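Written out below as structure tokens is the structure these notes cover.
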Amino acid sequence: MNRLPISPSRALRTLAGIVLTVTAALLLAAPPAAAHPMPHSVLLLDVHETSVSAELELPAGDFSRASGITLDDSTTAEELSERTPAIRRYLAAHVHLTTRQGKAWSVAFGAMALGRTSQTSTGTYRELTVRATLTPPAGGDPRRFVLDYDAVVHQVVTHTVLVSVRQDWAAGKVADSATQVGVIRIDPRTMTIAPLTVNLESGSFWSGTYAMFRLGAHHILEGTDHLLFLLILLLPAPLQAAGRRWSGLVTGSVAVRRIARTTLAFTLGHSAALAVSAFGRLDIPAQPVEVFIALSILVGAVHAMRPLFPGHEAVVAGVFGLGHGLAFSLTLAEMNLSTPQLALSLAGFNLGIECVQLLLVLLALPSLILLSRLRRHSVVRSACAALTACAALGWLLDRLGLANPVARAADGAGTHTSQLLAVLATAALLATAWMTTAWVSSRQSPVRTSRPAGTDPSRPSG
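Residues 20 to 481 in my numbering are what the sequence shown spells out, letter by letter.
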């Protein structure tokens with residue numbers, strides 16, 4: 020009988036040995052970068068009407084290896100300041116822009132800072148941030164250029180540079196998220212770094228204005244503090260003040276007029292402050308403005324519990340609206356827009372704010388009127404005012420430097436705008452249906468059931 024040249028058991032052992040050997044070889048041959056991804060550079064572009072602002076985010080370790088300029092965990096701000104001229108010279112030699120016809124752009128490097136950051140799978144590392152202004156020659160188009168960039172990449176061959184547009188008003192891009200337009204890396208076949216051609220879509224004034232309208236709408240929806248201030252100021256609008264208490268109701272038409280005046284005054288106040296600060300290019304510190312807003316909400320909450328300025332809600336709304344307008348202006352100030360762009364942005368931003376604000380007031384109006392006619396209105400009103408006061412105190416402490424969970428929870432409420440609108444819309448429908456049913460019933464039953472003298476359940480006190 021013929022025998023097999025090798026037994027099955029030996030064949031299996033041989034096969035297992037081959038599999039283990041190949042697997043080990045593959046693991047040992049894998050480059051270290053696969054197990055330890057290296058951070059990449061980021062070039063963020065803000066496209067303006069006549070120039071481009073850039074922010075370079077460079078991993079300090081790779082930058083030091085490529086430039087020979089030491090930047091590590093022990094580098095202080097003073098040492099960075101001393102090395103700034105050398106950093107600028109290095110970057111000037113490795114960052115060039117030209118028009119598509121080959122005419123050179125002007126590149127000016129400005130402020131620098133060292134910080135700590137992290138990218139996906141890299142862990143925390145030190146990062147050098149450099150700001151620059153890129154200006155095309157006469158007749159050049161800031162939306163179309165050729166970027167010849169090889170900083171760090173010319174020495175660290177595994178390094179990549181992600182180029183993204185962060186802001187482009189004319190194309191309707193004004194939000195915080197950046198859109199990637201290209202990647203710069205070395206070609207391993209030729210060991211060359213090809214220039215990146217940036218060709219952005221044509222922009223228009225309409226795109227920028229509409230983007231600002233959407234930004235204004237999102238700003239008021241996500242600004243929990245602005246919404247709370249307006250709603251808490253409207254809460255006692257259907258009530259009549261008697262001394263230092265809310266006692267009795269005004270008519271529905273009077274309540275509507277009060278709400279309209281208060282809303283209009285708030286609108287005029289923040290619109291005026293927004294226009295003055297934006298066109299005046301005022302450099303307003305953010306912290307005092309944010310503290311003022313928290314105080315305005317606290318005052319409004321106390322007023323909803325006990326009348327502080329009955330009948331003068333519109334005046335107070337206008338005054339506090341100035342502070343809220345200054346907060347809105349901080350958003351526009353960061354964009355460095357030209358005067359025509361700023362004028363259109365102001366109109367679009369304001370219109371977005373007012374449209375959403377009007378929608379919210381219309382949705383809240385039926386519920387406010389119905390709420391004022393409930394037996395337990397004073398309890399519900401006081402509870403809403405107390406919750407608002409807690410949020411205001413949390414914001415006030417947070418904005419004075421004392422972080423707290425109340426402020427975080429109040430800020431988190433601004434992320435649930437869809438649910439807020441759904442609740443307001445549902446409450447408005449129910450309140451309207453209830454009031455309509457009550458009105459129809461009163462028309463059909465002119466004779467009322469007698470009540471004991473001196474009682475009126477529709478008159479809340481508090």
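Glycine included, C-beta positions come from ideal geometry on N, C-alpha and C.
Only a predicted model underlies this, so the values are computations on that prediction, with no experimental measurement involved.
Between the CA atoms of residue j and residue i - distance to the nearest angstrom
i, j, result
"Pro479", "Gly267", "Low confidence applies to Pro479: its pLDDT is 49, below 50, so where it sits in the model is not reliable, and the reading given next is rough at best. Spanning the two alpha carbons is a distance of roughly 6 Å."
"Val11", "Ser83", "Here the chain has residues from 20 to 481 only, and residue 11 is not among them."
"Val308", "Ala346", "6 Å"
"Leu443", "Ala291", "29 Å"
"Ile205", "Ala170", "11 Å"
"Gly288", "Lys192", "28 Å"
"Ala112", "Ile251", "58 Å"
"Val334", "Thr455", "33 Å"
"Leu181", "Arg150", "16 Å"
"Pro214", "Gly201", "10 Å"
"Ala53", "Leu64", "Its pLDDT being 36, under 50, Ala53 is placed unreliably by the model, and the measurement read from it follows with that caveat. About 30 Å."
"Ile212", "His173", "8 Å"
"Glu68", "Lys122", "19 Å"
"Thr95", "Arg145", "12 Å"
"Leu283", "Leu341", "13 Å"
"Leu363", "Gln199", "27 Å"
"Ala457", "Ile316", "34 Å"
"Ile312", "Phe339", "8 Å"
"Ser226", "Arg233", "11 Å"
"Leu382", "Pro161", "45 Å"
"Gly411", "Ala402", "It should be noted that the sequence gives Ala, not Gly, for residue 411. Computed Cα separation, rounded: 14 Å."
"Gly189", "Thr270", "Looking at the sequence itself, residue 189 is Ala, so the reference to Gly does not match. Cα-Cα distance, rounded: 49 Å."
Three-state class that DSSP yields for residue i in the structure shown
i, result
"Ile303", "coil"
"Pro257", "coil"
"Ala452", "helix"
"Val338", "helix"
"Leu345", "helix"
"Leu77", "strand"
"Ala422", "coil"
Own chain partners of residue i with C-beta closer than 8 Å, once the 5 adjacent residues on each side are dropped
i, result
"Ala157", "none"
"Leu327", "Val318 and Val321"
"Leu387", "Leu253, Leu254, Ala256, Pro257, Ala274 and Ile278"
"Pro476", "Below a pLDDT of 50, predicted positions are generally treated as unreliable, and Pro476, at 47, falls in that range; the measurement from the model is reported next regardless. Cβ within range, chain order: Arg394."
"Arg325", "Arg263, Arg264 and Trp265"
"Gly337", "Ala284, Phe285, Leu287 and Gly288"
"Gly129", "Val149, Arg150, Ala151 and Thr152"
"Ile303", "Ser296, Leu345, Ser348, Leu349 and Ala352"
Close Cβ partners of residue i (< 6 Å) along its chain, the five nearest in sequence each way excluded
i, result
"Leu153", "Val71, Ala73, Leu116, Trp124 and Val126"
"Tyr168", "Val114 and Ile203"
"Gly235", "Phe368, Gly371 and Ile372"
"Ser357", "Glu68"
"Ala404", "Ala320, Ala323 and Met324"
Own chain partners of residue i with C-beta closer than 7 Å, once the 5 adjacent residues on each side are dropped
i, result
"Gln306", "Arg418"
"Leu147", "Leu77, Ala79, Phe82, Leu90, Met131 and Leu133"
"Asn423", "Gly413, Leu416 and Asp417"
"His245", "Ile239 and His343"
"Leu390", "His396 and Val399"
"Ala294", "Leu365"
"Ala1", "Nothing about residue 1 can be reported from this structure: the residues present for the chain run from 20 to 481 only."
Span of the alpha helix (DSSP H), counted from its first residue to its last, around residue i
i, result
"Ser401", "His396 to Arg418"
"Asn369", "Thr358 to Leu390"
"Thr211", "No alpha helix (DSSP H) holds Thr211; DSSP gives it neither H nor E."
"Arg276", "Gly271 to Phe298"
"Gly121", "Looking at the DSSP string, Gly121 is not in any alpha helix (DSSP H), and its letter there is neither H nor E."
"Leu234", "Phe224 to Glu241"
Residues that residue i bridges to, as DSSP identifies them
i, result
"Val66", "Val71 and Asp187"
"Ser315", "Looking at the DSSP assignment, Ser315 forms no beta bridge with any residue, so it has no partner."
"Phe128", "Ala151"
"His115", "Asp167"
"Val180", "Ser60 and Ile203"
"Leu133", "Leu147"
Element boundaries [beta strand (DSSP E), containing residue i]
i, result
"Arg204", "Thr198 to Arg204"
Cutoff 8 Å: residue i Cβ touching any chain D Cβ
i, result
"Leu77", "In the structure shown, chain D cannot be found, because there is only a single protein chain."
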